[in-house]
Amino acid sequence: MVFIGLLIMVVLSAAFSAATPYLTKYAIDNSIAVKLKEDFLFYIIIMLVVLILQTVIQLCFIYYAAWLGQNLVKDVRTKLFNHLLRFKMKYYDNSSVGVLITRSVTDMERIADIFGQGLFMIVKDLLTMIVVFAVMVYINVKLSIIVFIMLPLLLYATRIFQKVMKKAFEEVRTEVSNLNSFVQERLTGMKILQLFTREDTEFKKFKAINERHKKGWLKTVWYNSIFFPLADLSGSIAMGLVAWYGGLHVVLEGSDVSQGGDLIAFIMFIPMLFRLYDKLQINLIRYKWEWLQQTAYLKF
Numbered sequence: 001m002v003f004i005g006l007l008i009m010v011v012l013s014a015a016f017s018a019a020t021p022y023l024t025k026y027a028i029d030n031s032i033a034v035k036l037k038e039d040f041l042f043y044i045i046i047m048l049v050v051l052i053l054q055t056v057i058q059l060c061f062i063y064y065a066a067w068l069g070q071n072l073v074k075d076v077r078t079k080l081f082n083h084l085l086r087f088k089m090k091y092y093d094n095s096s097v098g099v100l101i102t103r104s105v106t107d108m109e110r111i112a113d114i115f116g117q118g119l120f121m122i123v124k125d126l127l128t129m130i131v132v133f134a135v136m137v138y139i140n141v142k143l144s145i146i147v148f149i150m151l152p153l154l155l156y157a158t159r160i161f162q163k164v165m166k167k168a169f170e171e172v173r174t175e176v177s178n179l180n181s182f183v184q185e186r187l188t189g190m191k192i193l194q195l196f197t198r199e200d201t202e203f204k205k206f207k208a209i210n211e212r213h214k215k216g217w218l219k220t221v222w223y224n225s226i227f228f229p230l231a232d233l234s235g236s237i238a239m240g241l242v243a244w245y246g247g248l249h250v251v252l253e254g255s256d257v258s259q260g261g262d263l264i265a266f267i268m269f270i271p272m273l274f275r276l277y278d279k280l281q282i283n284l285i286r287y288k289w290e291w292l293q294q295t296a297y298l299k300f
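Quick note on UniProt numbering: the sequence shown kicks off at 1 and runs consecutively.
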């Protein structure tokens, strides 16, 4: 029931996200343009109701998505620990304790996030983008084409971003496992380590692993700092082209952009569309998609 409820909330959230710009268009074209104050007030009330409903749905969505994820991972964690108890001692002699802890604790939390908010967030953002695309085309095809011109460039940049981020996150994950394993093993054998006076040697080894981990994370930050401003720039260019083309035809009148409501709606839709795209990439590539790659290493 919770799963079905979350799917319904995803659909409603996508519909409500596109409703406000659409209602704004009608308020401008049907009320402001003809100076009907009563109709304009009606549209304002409708938009307020939509925003309230959207907020309530968002709150319920976040809570129940997290609830579902935690309940799923609770069962998985229990079965996993029960599975670990039945391994032979030889397995533990040949396995790193730190790696086992990472797999059974840290990766379990990632699974909870993936099957909780992560999965539904990706579906919600993707569905919202599709709805926004459809409404934009329905309102005005020519203005939609202008916006879509920027998409090939953005998709090409995304493809490159996916490749470099995959490699960078694999490096980070490897160093996280190395850190966990190194610290766990040194703490367990601290007496032997101090007995042979290897404190300085082990400290240098730890610093080297820690430095590689830091460089790996900084690499992901660098890639993000390039990609997301590029996505924002694409959105700004699209908005500028729409404002130029639409504004010119609104002034001249004599084309299908003769109503200012279309232009205002597109100015509201474009930031929403590119913001959704950025958010989808964060969830799909930077966090959720990469975490799916990480949990693929869960082999006991």
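For every residue, glycine included, the Cβ atom is placed at its ideal position computed from N, Cα and C.
- Within a 10 Å sphere around the beta-carbon of M129 sit 16 or more other beta-carbons, which makes this residue buried.
- Under a 10 Å Cβ-count criterion, G240 is classified as exposed, with fewer than 16 other Cβ atoms of the shown protein chains found around its own Cβ.
- For the pair H213 and V172, the Cα-to-Cα distance works out to about 6 Å.
- The C-alpha of T220 is placed about 34 Å away from the C-alpha of G189.
- Between Q281 and T158, the CB-CB gap stays under 8 Å.
- Runs of alpha helix (DSSP H) with 4 or more residues, each lying fully within the segment 45-94, are found at 89-93, listed in chain order.
- Residue environment analysis places G5 among the exposed positions, since fewer than 16 neighbouring C-beta atoms fall within 10 angstroms of its C-beta.
- Its Cα nearest to that of A134, the residue A18 stands out among K79, L263 and A18.
- When DSSP states are grouped into helix, strand and coil, I4 belongs to the helix group.
- Nearest to I57 by alpha-carbon distance, out of A27, A14, F40 and P21, is A14.
- Take the alpha-carbon of I267 and the one of I226: they are about 25 Å apart.
- Setting aside the 5 residues that flank it on each side, L23 is surrounded in the same chain by Y43, I46, M47 and V50, each with a C-beta closer than 8 Å to its C-beta; the list follows chain order.
- Taking each of D262, M1 and V183 in turn and checking the Cα distance to N30, the smallest one comes out for D262.
- M108 is a Cβ neighbour of V73, given a cutoff of 8 Å.
- Counting C-beta pairs with one atom in each stretch, the segment 144-161 and the segment 196-213 have fewer than three that are closer than 8 Å, which means they do not touch.
- Here N178 has I209 as same chain residues with Cβ atoms under 7 Å from its own Cβ, once five neighbours each way along the sequence are excluded.
- Counting only residues of its own chain and dropping the five nearest sequence neighbours on each side, I139 has a CB closer than 8 Å to the CB of Y22, K25, D262, A265 and F266.
- Collapsing the DSSP output to three states places G235 in a helix.
- Counting only residues of its own chain and dropping the five nearest sequence neighbours on each side, G235 has a CB closer than 7 Å to the CB of I270, P271 and F274.
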